[in-house]
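S.K.: Residue numbers (numbering that gives the first Met the number 0), protein chains in the order written: chain A, 0 to 339; chain B, 0 to 301.
Using N, Cα and C, we set each Cβ at its ideal position, and we do this for glycine too.
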Amino acid sequence: MLNFTIRRLLLAIPTLLFISLIIFLLLTLAPGDPTANLPLSIPPEVKQQIRESLGLGQAWYIRFVLWVKAFYITEPLYLIESLTGWDVYGDQQRVLSWQFRSPVMDIVTQRLPQTLWVVGLAYLVGALIAVPIGIISAYRQYSMFDQIGTFVSMIGFSVPTFFTGVLLIVIFSVWMPLDSFFWLPSIYDTTLEVTNWETFVKQVRQMILPVTVLALFNAAQISRFMRASMLDNLNQDYVRTARAKGLSEKTVVFVHVLRNSMIPVVTVIALGVPQVFGGAIITEQVFKVNGLGQLLITAIQASDIPTVQTLTVIFAALIIFFNLIADILYGVLDPRIRYD
Amino acid sequence: MTDITEIQENASRSQWWDVWDQFKSHRGALIGAGFFLIIVFGVTFGPWLWTIDPTYIDIRARNQGPSFAHPFGTDQLGRDTLARMIKGGQTSMSVGLVAMALALFLGTFIGVVAGFFKKLDGPLMRLTDLFLALPLLPLLLVMVMLFRDTLSSIFGPEMGIFVLMVTAIGITSWMPTARIVRGDVLAIKEREFVLAARSIGTSNQKMIMRHILPNVLSPIMVSATLGIANAIITESALSFLGLGFPPDFPTWGRLLFDSVDYLQQYPERVMWPGLAISFTVLAVNYVGDGLRDALDPRIRGR
């Protein structure tokens, strides 16, 4: 198992570098000039100087190597230094954002908590709702509960998050009277600091809508998998054996069937995490959460290439990392599919 | 798809009748298919039935609620919402269908080639894995940002963004189809009828066209439905983020994006495009569900 993990880990490094290269090439070789939006009255030689100050003077492969060094070596070193206080970072060039003129990773660490809170909580809530629904739906297949559950998950799966979000805003922020208990804010206030009970309640209330939207979407996907996986296992011979031994129904379902059904579901949950970050881009835009997704959108609109590059690679790294986790989890949970 | 009609004409009871019988028994799929057809007919022939120009600005009739003259109301410039919905539906549906066709073509091609030619299997599957590890939504946003102006100057503002959308969605969503098709081709390649065909000297090209492709048609059809749903949602999402079609060229996502600005005053305005997207995707997903059941011989006939 350890062997396999190390092999996968080593394979992940070239994949990540290659994806970085693809993203870099897409951004570099595409038509368009970062100085194109500057006023026409600026003389060409000054424009050239601006381009060079942005680091655009060199050939693309040199810039790529410099970016790789800055992103994969300097930034982790800086992180280590700021966490532990060891002097490892020195004074090397970090990845700078063109629109903020400050290191991209500093902005990312400012924005990360908002995204993590909303996305993480939504995913957790989604999974916690989905698993019991999947279990009951499969155990009582074709019952009323199953029919309704399947229908609701089909809706949650089909209705895009930007419409559920807007719909919830219409219901809970527009139609609901302002003084009602059920009125919820439609804009996520990130400057709010939780210091006492009142601000805590405020924080909870502003998180309800975005978390519900994302949780509904995640729950729909996971519950479909959970139901299918439970159904696969419920008809197996070992279930009949367990019942024939005289085990209680509770033990059969929750110990024998559930444990085996959870194997694919756990990996699906792991594989879904990066997608959720992608989906959060839209939800953040709906509820005006200034997280990573919103940073990406503003960077794209401002043609801030280093920020776009760094964020996209971070999203890619998340996907690769969680693919790795899913693979390893699969091996840990199911000894039959260990690869060594 | 010509193969299907041929089979139906030749045999009195082909497998496609069994598929249809099974499909009919799935009520959700039947309703979904009906709804999808209505939407397609509505957006295709709608402009003849509802003759108001979607770009006609009648500033005196702005921000109206539903009435006989404007069943869906009017927007902030007095443009008729129903006409704009029909126009937007045309764009959304054509983006969905064309992007799906492109993704399906790419996926089937790569899947068949990878499954059929052993030497290409490794590299092509690594390529598929690589594409699966790309962050798709951010990349789509980046592609739109980078290529919008260039393509607009080549094809014109409307056609340019259409080409960009379709290509971007097409080349980022072929991977699941390729994987499924490859798996099926690998299994079919080992069957006796392929050996028989090979022994009478069938060329590779004929083998793929006559023997392999018709046998992998069912997974391709299922991924086609999922592909439409995916493409419609992706296009609307991009338009919703303001990185899609230009404002005077409505799509359902764009209409939703524009209506969000008037959420406080006219909350009902977001409903039309939102419901149109949701119901279409729901219908397509139900059709996909029904097709999957109908095309699975293990479920069929039970």
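Using beta-carbon positions only, say whether methionine 229(A) and alanine 325(A) come within less than 8 Å of one another.
M.R.: Your numbering for residue 229(A) matches position 230 in the first sequence. Your numbering for residue 325(A) matches position 326 in the first sequence. No, the pair does not count as a contact, with Cβ atoms beyond the cut-off.
S.K.: Apart from the five residues on each side of it in sequence, which residues of its chain come closer than 8 Å, Cβ to Cβ, to leucine 163(B)?
M.R.: One-based indexing of the second sequence puts residue 163(B) at position 164. Correct list, in chain order: Met142, Val143, Phe146, Arg147 and Leu150.
S.K.: Would you kindly check if the distance between the Cβ of valine 288(A) and the Cβ of valine 117(A) is under 8 Å?
M.R.: What you label residue 117(A) is simply residue 118 of the first sequence in a count that begins at 1. What you label residue 288(A) is simply residue 289 of the first sequence in a count that begins at 1. In this structure, valine 288(A) lies closer than 8 Å to valine 117(A) by Cβ.
S.K.: Shorter than 8 Å from the beta carbon of alanine 315(A) to some beta carbon of chain B?
M.R.: By one-based count along the first sequence, residue 315(A) stands at place 316. Yes, alanine 315(A) lies at the interface with chain B (some Cβ there is under 8 Å from its Cβ).
S.K.: Drop a sphere of 10 angstroms on the beta-carbon of aspartate 178(A), count the other beta-carbons inside from all chains shown, and report buried for 16 or more, exposed for fewer.
M.R.: The residue labelled residue 178(A) in the question sits at position 179 within the first sequence. Aspartate 178(A) comes out exposed.
S.K.: Exposed or buried, asparagine 2(A), counting other C-beta atoms within 10 Å across all chains shown (16 or more means buried)?
M.R.: Here residue 2(A) refers to the residue found at position 3 when the first sequence is read from its first residue. Exposed, since its Cβ has fewer than 16 Cβ neighbours within 10 Å.
S.K.: Would you grab the beta carbon distance between leucine 133(B) and isoleucine 18(A) for me? Rounded to a whole angstrom, and I think it's under 8 Å.
M.R.: The sequence position of residue 133(B) within the second sequence is 134, counting from 1. The sequence position of residue 18(A) within the first sequence is 19, counting from 1. Confirmed, about 6 Å.
S.K.: Determine, using beta-carbon pairs with one atom in the region 213-233 of chain A and one in the region 297-305 of chain A, whether at least three such pairs fall under 8 Å.
M.R.: The region 213-233 of chain A vs the region 297-305 of chain A: no contact.
S.K.: Mapping DSSP to helix, strand and coil, what is proline 65(B)?
M.R.: To locate residue 65(B), count along the second sequence from 1; it is residue 66. Reduced to three states, the DSSP call for proline 65(B) is coil.
S.K.: Based on the DSSP secondary-structure assignment, which residues constitute the bridge partners of threonine 73(B)?
M.R.: Your numbering for residue 73(B) matches position 74 in the second sequence. Answer is Asp79(B).
S.K.: Could you give the DSSP three-state label for proline 38(A): helix, strand or coil?
M.R.: Taking the first residue of the first sequence as position 1, residue 38(A) is located at position 39. Here proline 38(A) sits in coil by DSSP.
S.K.: Between isoleucine 154(A) and the rest of its own chain, which residues show a CB-CB distance below 8 Å, the 5 nearest in sequence each way excluded?
M.R.: The residue labelled residue 154(A) in the question sits at position 155 within the first sequence. Here the set comprises Ala219.
S.K.: For the region 142-162 of chain A, which residues have a beta carbon sitting closer than 7 Å to at least one beta carbon of chain B?
M.R.: Taking 7 Å as the Cβ-Cβ cut-off against chain B, the residues of the region 142-162 of chain A that qualify are Met153, Ile154, Phe156, Ser157, Val158, Pro159, Phe161 and Phe162.
S.K.: Any beta carbon from chain A within less than 8 Å of arginine 301(B)'s own beta carbon?
M.R.: Start at 1 with the first residue of the second sequence, and residue 301(B) comes out as number 302. Per-residue confidence for arginine 301(B) stands at a pLDDT of 48, beneath the threshold of 50, marking its modelled position as unreliable; no derived number is given.
S.K.: Could you give the DSSP three-state label for leucine 208(A): helix, strand or coil?
M.R.: Start at 1 with the first residue of the first sequence, and residue 208(A) comes out as number 209. Leucine 208(A): helix per DSSP, three-state reduction.
S.K.: Would you say phenylalanine 17(A) reaches chain B, if we count a Cβ-Cβ gap shorter than 8 Å as a contact?
M.R.: Working through the first sequence from its first residue, we reach residue 17(A) at position 18. Phenylalanine 17(A) counts as touching chain B.
S.K.: Using the beta-carbon count (16 or more within 10 Å), is glutamate 44(A) buried or exposed?
M.R.: Taking the first sequence and counting its residues from 1, the one referred to as residue 44(A) is at position 45. Glutamate 44(A) is exposed by the Cβ-count criterion.
S.K.: Kindly give me the distance between the Cβ atoms of isoleucine 160(B) and phenylalanine 244(B), rounded to whole angstroms, as I take these residues to be in contact under 8 Å.
M.R.: Your numbering for residue 160(B) matches position 161 in the second sequence. Your numbering for residue 244(B) matches position 245 in the second sequence. That pair is a contact at about 5 Å.
S.K.: In this structure, does DSSP put proline 102(A) in helix, strand or coil?
M.R.: Start at 1 with the first residue of the first sequence, and residue 102(A) comes out as number 103. Strand, per DSSP.
S.K.: Determine, for alanine 102(B), whether the minimum Cβ-Cβ distance to residues of chain A falls below 8 Å.
M.R.: The sequence position of residue 102(B) within the second sequence is 103, counting from 1. Closer than 8 Å: no.
S.K.: Could you pull the DSSP bridge partners for leucine 115(A) from this structure?
M.R.: Counted from its first residue, the first sequence places residue 115(A) at position 116. Answer by DSSP bridge pairing: none, since leucine 115(A) is not bridged.
S.K.: For valine 212(A) and leucine 39(A), I'd like the C-alpha separation in whole angstroms.
M.R.: On the first sequence, position 213 is the one that residue 212(A) refers to. On the first sequence, position 40 is the one that residue 39(A) refers to. Straight-line Cα distance between these residues: approximately 45 Å.
S.K.: Please report the distance separating the alpha-carbon of glutamine 89(B) from that of valine 151(A).
M.R.: Taking the first residue of the second sequence as position 1, residue 89(B) is located at position 90. Taking the first residue of the first sequence as position 1, residue 151(A) is located at position 152. Those two C-alpha atoms are separated by around 28 Å.
S.K.: Using a 10 Å radius around the Cβ and a threshold of 16 neighbouring Cβ atoms, would you call valine 312(A) buried or exposed?
M.R.: For the purposes of this step, residue 312(A) is taken as the residue at position 313 of the first sequence. Burial call: buried.
S.K.: Decide if tyrosine 187(A) is buried, meaning its Cβ has at least 16 other Cβ atoms within 10 Å, or exposed.
M.R.: As a first step, residue 187(A) must be located in the first sequence, where it is residue number 188. By the neighbour-count rule (16 or more Cβ atoms within 10 Å), tyrosine 187(A) is buried.
S.K.: 8 Å is my cut-off, CB to CB: does leucine 166(A) come that close to chain B?
M.R.: As a working mapping, residue 166(A) is identified with position 167 in the first sequence. With 8 Å as the cut-off, leucine 166(A) counts as an interface residue toward chain B.
S.K.: Between tyrosine 285(B) and the rest of its own chain, which residues show a CB-CB distance below 6 Å, the 5 nearest in sequence each way excluded?
M.R.: To locate residue 285(B), count along the second sequence from 1; it is residue 286. If we look at tyrosine 285(B) and ignore the five residues flanking it on each side, its Cβ neighbours are Gly27, Ala28 and Gly31.
S.K.: For glycine 125(A), would you say it is in contact with chain B, using Cβ-to-Cβ distances shorter than 8 Å as the test?
M.R.: Indexing the first sequence from 1 puts residue 125(A) at position 126. No, glycine 125(A) does not count as interfacial toward chain B.
S.K.: Quick one: give me the first and last residue of the alpha helix (DSSP H) that proline 245(B) is part of.
M.R.: Sequence index remark: in the second sequence, residue 245(B) carries index 246 (1-based). Counting along the chain, proline 245(B) falls outside any alpha helix (DSSP H), and DSSP gives it neither H nor E.
S.K.: Could you please tell me which residues of the region 126-159 of chain B, in chain order, have their CB closer than 9 Å to any CB of chain A?
M.R.: Those would be Asp128, Leu129, Leu131, Ala132, Leu133, Pro134, Leu135, Leu136, Pro137, Leu138, Leu140, Val141, Met142, Val143, Met144, Leu145, Phe146, Asp148 and Thr149, in chain order.
S.K.: Less than 7 Å between C-beta atoms, sequence neighbours within five positions excluded: which residues of the same chain meet that for glycine 241(B)?
M.R.: Taking the second sequence and counting its residues from 1, one reaches residue 241(B) at position 242. Counting only Cβ-Cβ distances below 7 Å, and skipping sequence neighbours, we find Phe256.
S.K.: Name the chain A residues that come within less than 8 Å of alanine 228(B), Cβ to Cβ?
M.R.: Start at 1 with the first residue of the second sequence, and residue 228(B) comes out as number 229. Under the 8 Å cutoff, chain A gives Ser157.
S.K.: Just checking my contact of isoleucine 207(B) with phenylalanine 115(B) at CB under 8 Å: how many whole Å lie between their CB atoms?
M.R.: The residue labelled residue 207(B) in the question sits at position 208 within the second sequence. The residue labelled residue 115(B) in the question sits at position 116 within the second sequence. Indeed they touch by this definition, with Cβ atoms about 6 Å apart.
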